[in-house]
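*Asks:*
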Amino acid sequence: MRGYFKKLNTETNWFKLFVTIFIIMTVILLILLSAIGYIHDVIIMNKAFSGINVGFAVYVPLIFSAISAGVVCSSNLKKEKEEQ
1 MRGYFKKLNT ETNWFKLFVT IFIIMTVILL ILLSAIGYIH DVIIMNKAFS GINVGFAVYV
61 PLIFSAISAG VVCSSNLKKE KEEQ
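The C-terminal residue of the sequence shown carries number 84 in my numbering, and the numbering is unbroken.
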């Protein structure tokens with residue numbers, strides 16, 4: 001697994017970067033939103049846990065992973081051209 005992430009440091013394929021970043025960000029955001037929502041609803045407000053907005057947990061990583069994959073891909077392409 002560690003080798004896969006090291007290979008991503010030099011990856012120039014936008015789609016491979018996008019999928020990896022999207023999956024990681026979505027899982028982290030789902031966990032964080034669940035924890036924060038539970039703490040807010042149950043512990044602070046003393047009411048039943050209403051759940052999380054899954055749409056928000058998918059659309060935000062979709063946008064940010066597309067942007068970050070583009071930035072990383074273009075910087076890796078520039079590094080590759082400089083080495084040649």
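Beta carbons: idealized from backbone N, C-alpha and C, even for Gly.
#1: Are residue 65 and residue 28 touching if we call contact CB-CB under 8 Å?
#2: Could you tell me the distance, in whole angstroms, from the CA atom of residue 12 to the CA atom of residue 81?
#3: Assuming residue 58 and residue 17 make a contact with CB atoms under 8 Å, what is their CB distance in whole Å?
#4: In whole angstroms, what is the alpha-carbon distance linking residue 51 and residue 38?
#5: Are there 16 or more other CB atoms within 10 angstroms of the CB of residue 69, so buried, or fewer, so exposed?
*Replies:* Reading it off the structure:
#1: no
#2: 11 Å
#3: Rounded, the Cβ-Cβ distance is 18 Å, inconsistent with contact.
#4: 8 Å
#5: buried
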